[in-house]
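Asks: In this note's numbering, each residue's number is its place in the sequence shown (first place is 1) plus 59. Cβ atoms here follow ideal geometry from the backbone N, Cα and C, with glycine treated the same way.
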Amino acid sequence: MTDQGPDRKAQILTAAARLVSTRGVQALSFENVAGEAGLSRQLVRYYYADLDSLIVDLCDHLAATYRDILLAGIPQVGKVGRLDFFLDFFFDLAEGHPMPGNLEAYDTLIAWSVGNPKLRGRMCDQYRTLGHVVVHELAIAHPQLDMAACEELSFLFVSAMHAHWSFVASLGYSREHGKLARRAIDRLIRSYLDEAPVERAMEKPWAREA
């Protein structure tokens with residue numbers, strides 16, 4: 060059984076993502092995950108002793124899905140077009156590289172993280188990593204921006220992206236709103252370009268209290 064570990068875990072996590080995307084956090088149980096995966100409850104419990112450990116792995120599983128899609132698209136756009144590709148992708152506007160269909164699962168992770176410091180830390184790390192990537196791409200695409208501007212823009216982008224998908228995935232707004240949000244990000248970047256250098260609003264935009 061152990062030699063099938065990675066495949067079984069992927070099967071369980073894919074089922075868990077599908078479950079919470081369609082039925083919400085209230086449906087997350089070993090029985091429901093097992094039923095969705097077509098496995099026995101005992102087998103799911105063999106890999107996961109509790110739901111907290113399952114959902115932490117689900118966080119990593121979802122992040123890997125997004126990372127793989129991004130890595131597949133980067134060679135096609137080149138250094139100059141990478142920023143636009145990143146921004147387009149996260150608003151589901153990157154042609155040939157659609158966002159995964161499990162966006163509702165991220166709201167489940169946010170809700171679960173309230174009582175799970177490990178999950179909260181993992182999600183913060185992943186969002187901060189995305190923010191640092193955007194800082195890097197902003198600096199390449201717009202070298203006239205200073206570090207303060209790039210850091211603030213990256214934090215605002217990640218915040219807007221998360222809020223956008225919460226509205227779309229969980230509250231039922233149209234995915235067409237991605238065009239509106241994406242255009243707003245372009246206007247935001249232009250506003251920073253027009254007034255650079257930026258006086259810092261805070262010393263470390265990606266710092267957190269806990």
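Could you compute how far the alpha carbon of leucine 110 sits from the alpha carbon of proline 264?
Replies: In this structure, the alpha-carbon of leucine 110 lies about 32 Å from that of proline 264.
Asks: Three-state secondary structure (DSSP) at phenylalanine 145?
Replies: In the three-state scheme derived from DSSP, where H, G and I count as helix and E and B as strand, phenylalanine 145 is classed as helix.
Asks: Please work out which residues of its chain come closer than 8 Å, Cβ to Cβ, to alanine 207, disregarding the five sequence neighbours upstream and downstream, and give them in chain order.
Replies: Pro256, Val257, Glu258, Arg259
Asks: Serine 233 and aspartate 166: beta carbons closer than 8 Å?
Replies: no
Asks: Whole angstroms is fine: what's the gap from arginine 181's alpha carbon to threonine 124's?
Replies: C-alpha separation (whole angstroms): 16 Å.
Asks: Run through DSSP, which three-state label would valine 173 get?
Replies: coil
Asks: Where arginine 141 and serine 218 are concerned, what is the direct C-alpha to C-alpha distance, given to the nearest angstrom?
Replies: Straight-line Cα distance between these residues: approximately 20 Å.
Asks: CA-CA distance, arginine 213 and serine 99?
Replies: Position check: residue 213 holds serine in this sequence, whereas arginine was assumed. The C-alpha of serine 99 is placed about 43 Å away from the C-alpha of serine 213.
Asks: Please tell me whether glycine 132 and phenylalanine 148 are closer than 8 Å, where the distance is taken between their beta carbons.
Replies: yes
Asks: Report the option in Gly231, Val115, Ala96 whose CA atom is closest to the CA atom of asparagine 175.
Replies: Val115
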